[in-house]
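First to last, the sequence lines map onto chains R and L.
So the first sequence is numbered by our numbering: it starts at 1 and just counts up by one.
So the second sequence is numbered by our numbering: it starts at 1 and just counts up by one.
Below you'll find the structure, written out as structure tokens, and then a few comments.
There are 2 protein chains.
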Amino acid sequence: MSVNRSLYKMAKGKEAKKLDTSTEEKIKEAARAVFHKKGYAATRTRDIAAEAGINLALLNYYFRSKEKLFDIIMLETVFGFMQNMAMVLNDEKSSLEEKVELIASNYIDLLTKEPNIPIFMLSEIRNNAGGLLEKLPIRQLVMNSIFFKQHQEAVAKGKIVEPSPMHFLMNLLSLVIFPFIAQPLLQGISGLHETQFNKLMQERKKLIPVWVKAIMKSK
Amino acid sequence: MSVNRSLYKMAKGKEAKKLDTSTEEKIKEAARAVFHKKGYAATRTRDIAAEAGINLALLNYYFRSKEKLFDIIMLETVFGFMQNMAMVLNDEKSSLEEKVELIASNYIDLLTKEPNIPIFMLSEIRNNAGGLLEKLPIRQLVMNSIFFKQHQEAVAKGKIVEPSPMHFLMNLLSLVIFPFIAQPLLQGISGLHETQFNKLMQERKKLIPVWVKAIMKSK
DNA sequence: TTATATTTTAATCATTTGATTAAAATATTT
DNA sequence: AAATATTTTAATCAAATGATTAAAATATAA
Numbered sequence: 001m002s003v004n005r006s007l008y009k010m011a012k013g014k015e016a017k018k019l020d021t022s023t024e025e026k027i028k029e030a031a032r033a034v035f036h037k038k039g040y041a042a043t044r045t046r047d048i049a050a051e052a053g054i055n056l057a058l059l060n061y062y063f064r065s066k067e068k069l070f071d072i073i074m075l076e077t078v079f080g081f082m083q084n085m086a087m088v089l090n091d092e093k094s095s096l097e098e099k100v101e102l103i104a105s106n107y108i109d110l111l112t113k114e115p116n117i118p119i120f121m122l123s124e125i126r127n128n129a130g131g132l133l134e135k136l137p138i139r140q141l142v143m144n145s146i147f148f149k150q151h152q153e154a155v156a157k158g159k160i161v162e163p164s165p166m167h168f169l170m171n172l173l174s175l176v177i178f179p180f181i182a183q184p185l186l187q188g189i190s191g192l193h194e195t196q197f198n199k200l201m202q203e204r205k206k207l208i209p210v211w212v213k214a215i216m217k218s219k
Numbered sequence: 001m002s003v004n005r006s007l008y009k010m011a012k013g014k015e016a017k018k019l020d021t022s023t024e025e026k027i028k029e030a031a032r033a034v035f036h037k038k039g040y041a042a043t044r045t046r047d048i049a050a051e052a053g054i055n056l057a058l059l060n061y062y063f064r065s066k067e068k069l070f071d072i073i074m075l076e077t078v079f080g081f082m083q084n085m086a087m088v089l090n091d092e093k094s095s096l097e098e099k100v101e102l103i104a105s106n107y108i109d110l111l112t113k114e115p116n117i118p119i120f121m122l123s124e125i126r127n128n129a130g131g132l133l134e135k136l137p138i139r140q141l142v143m144n145s146i147f148f149k150q151h152q153e154a155v156a157k158g159k160i161v162e163p164s165p166m167h168f169l170m171n172l173l174s175l176v177i178f179p180f181i182a183q184p185l186l187q188g189i190s191g192l193h194e195t196q197f198n199k200l201m202q203e204r205k206k207l208i209p210v211w212v213k214a215i216m217k218s219k
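This is the structure we're talking about:
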């Protein structure tokens, strides 16, 4: 009857391609858009249904409840955000400096397309949405990364002055992510329009690695 | 009858001191706490009433509606946040570097006490809460400030390499504010507890001015 | 084609939630 | 103290909102 359609369909496997445009996927896409824009509390399931072009009952038929649908979207969002980070942080080939370049470049491109993701994730994490933080192994991911080892080495060799890897990580993430979180305010202050704002962000792809390097050496 | 009590009481003036502990002020304090923590959409007027230790009807008697109460809190929050900034940015006496030190120091202290303020403000501004951005003269405040003139001079004299004042402002705000926005995530990553996190933030009071200086000179 | 399973809808329910009302309690003025 | 004004409450309303149900429409299998 009301068994999770998702699991059923996934089991078929073969149809996976078709399902990308299926009703279920349509609902998820709509849910993603609305949740990202408004957050959990301000989102009405009716808005998701309307955005997906389906009946409200269908949403509950496929996902049982607003909360379950949200948990799926939240998990996918955090995963999507983290997996790129995980790849870069643990890449054997690249140097620390190259990793900084990659993170700046990848995330500025991602956030230019999806500027709501950071404030969505950080707001919901603050509300402890689904105790997600405790469930995911984010800690090990970052702390055991090659990125961190490289930072440690650079500190040992005296190439980086400030020894705390947290300051290093905070600075990188701050410079990349914050402008997108504050985008409406910053556009209000500057009078810049979206296109011009995005151009500023593109400049930061090159600037942030230079700045981070300067920060590392400064004392 | 249901005339705004606030205006009435303010007119008396003499009682202003007493009113700080009045019912109206108690409701506002509770509203501030709950709105800052949960945001407009997730806040229940009943929660505010409970937090204030009063009846729900009383909230509507004093403030007419959730939205009106919110608008007051939002305005006061933004004002409280901006006025310090305005003071520093337009101080005649201080140099650009001293302004950076002041902003870092003042806001790290403020946000250590009230870490929810940035994500609250920026979330609600993103929802265009009350079209607040258009109403407030934030643009002139920042763009016509002495801070900006000093930045311009420094660029002209070649003391600052990157000419865009927006990058400069973004970098400063990013380094100061972002860690508080991402605090739960960062604590999850690092395993640090609140006290240790706050110690890191205190370190940044001294570090950020050094880093900003390094950024300015880097090319 | 008929029968069965799946998908979708319209209508409705139950709860939550912002707001109101009329009356009670308290304070203030005369 | 009596009269009046102010503050607070309990009870209730109305709209919004998440969820369910039974039936209709559509697809799939026999």
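Just so you know, even glycine gets a beta-carbon here, dropped at the ideal spot from N, CA and C.
Between which two residues does the alpha helix (DSSP H) containing residue i stretch?
| i | result |
| --- | --- |
| ASN60(L) | 56-63 |
| ASN106(R) | 96-113 |
| ASN223(R) | Because chain R here runs from 1 to 219, residue 223(R) falls outside it and cannot be looked at. |
| VAL161(L) | It is not in any alpha helix (DSSP H) - VAL161(L) carries neither H nor E in the DSSP assignment. |
| PRO209(L) | 194-217 |
| ARG126(R) | 117-126 |
| ASN84(L) | 66-89 |
| GLY39(L) | 23-42 |
| LYS135(R) | 132-135 |
| ALA52(R) | 45-52 |
Can you tell me whether residue i is buried or exposed, with buried defined as 16 or more other CB within 10 angstroms of its CB?
| i | result |
| --- | --- |
| LEU207(R) | buried |
| GLN83(L) | exposed |
| HIS151(L) | buried |
| LYS199(L) | exposed |
| HIS193(L) | exposed |
| ARG204(L) | buried |
| GLU124(L) | buried |
| PHE120(R) | buried |
| LYS221(L) | This structure leaves residue 221(L) out entirely; chain L is present only between 1 and 219. |
| PHE24(L) | With the sequence shown as reference, residue 24(L) is identified as Glu, and Phe is not the correct amino acid for it. Label assigned to GLU24(L): buried. |
| SER65(R) | exposed |
| SER145(R) | buried |
| THR195(R) | exposed |
| GLY191(L) | exposed |
| SER2(R) | Unreliable placement is indicated for SER2(R), whose pLDDT of 31 sits below 50; the coordinate value is still reported in the next sentence. Label assigned to SER2(R): exposed. |
| GLY158(L) | exposed |
| LYS28(L) | buried |
| LEU156(R) | Looking at the sequence shown, residue 156(R) is not Leu but Ala. Label assigned to ALA156(R): exposed. |
| ALA31(R) | buried |
| GLY39(R) | buried |
| ALA57(R) | exposed |
| PHE79(L) | exposed |
| LYS17(L) | At LYS17(L) the pLDDT is 32, less than 50, meaning the model places this residue with poor confidence and gives no usable figure here. |
| SER174(R) | buried |
| ARG126(R) | buried |
| PRO163(R) | exposed |
| ALA11(L) | Unreliable placement is indicated for ALA11(L), whose pLDDT of 31 sits below 50; the coordinate value is still reported in the next sentence. The residue in question, ALA11(L), is exposed, as its Cβ has fewer than 16 Cβ neighbours within 10 Å. |
| SER95(R) | exposed |
Since I believe residue j is in contact with residue i (beta carbons under 8 Å), could you give me their beta-carbon distance rounded to a whole number of angstroms?
| i | j | result |
| --- | --- | --- |
| VAL88(L) | LEU75(L) | Not confirmed; about 21 Å, so no contact. |
| ALA182(R) | LEU122(L) | 6 Å |
| VAL161(L) | MET216(L) | 7 Å |
| ALA154(L) | ALA214(R) | Not really, about 16 Å apart at Cβ, beyond 8 Å. |
| MET201(R) | ILE108(R) | 5 Å |
| ILE117(L) | ILE189(R) | Actually they do not touch by this definition, with Cβ atoms about 18 Å apart. |
| ALA52(R) | LYS68(R) | That pair is no contact at about 16 Å. |
| PHE35(R) | PHE70(R) | 6 Å |
| PHE178(L) | PHE178(R) | 4 Å |
| ALA104(R) | LEU141(R) | 19 Å between Cβ atoms; not a contact. |
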